[in-house]
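Trainee: I have a structure here, written as structure tokens, and I will follow up with some questions on it.
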Amino acid sequence: MSRRVTTVRELWTEWHVGLCGCPSVEFLENTCGRKWRLSSKKAKYFSRRHRVIRYVQSLLNRDLSVDDALDKADENRGKRSIDAFSKFLNSKKTF
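Numbering follows this note's numbering, in which position 42 of the sequence shown is assigned residue number 43; successive positions increment by one, without gaps.
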């Protein structure tokens, strides 16, 4: 997973499509399971990003389109980094 991802939209793309020629996180999870993120550092990084993905999925469950859900998530993120937004979501237990 790239540490250069700065928006929820970029994170969503990395998660479902892949970025810069790298496989998507979804693909890695489906083919390798947890093996690709065994170190505690990678596991924590994955967990924080997964929290943001779950938040977007909760917006999709409210019948928003993918674009609208990503726009709303990035709007809610504001100026926070993806990591800070994940921690914010965790503190709010919003979904």
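A virtual CB, placed ideally from N, CA and C, is assigned to each residue, including glycine.
Grouping DSSP H, G and I as helix and E and B as strand, with all else coil, what is asparagine 62?
Mentor: Coil.
Trainee: Alpha carbon to alpha carbon, what distance is there between serine 25 and aspartate 64?
Mentor: Whole-angstrom Cα-Cα distance: 24 Å.
Trainee: With distances taken between CB atoms, is the gap from arginine 38 to isoleucine 83 smaller than 9 Å?
Mentor: Not in contact: arginine 38 and isoleucine 83 (Cβ atoms no closer than 9 Å).
Trainee: Just to confirm before moving on: does the CB-CB distance between glycine 19 and phenylalanine 28 stay below 9 Å?
Mentor: Yes, Cβ-Cβ distance for glycine 19 and phenylalanine 28 is below 9 Å.
Trainee: Out of Lys36, Thr32, Val53 and Thr14, which has the shortest C-alpha to C-alpha gap to serine 87?
Mentor: Cα-wise, what sits closest to serine 87 is Val53.
Trainee: Please name the residue, chosen from Met2, Gln58, Thr14 and Glu76, that lies closest to lysine 45 on a Cα-to-Cα basis.
Mentor: Ranking the options by Cα distance to lysine 45, first place goes to Met2.
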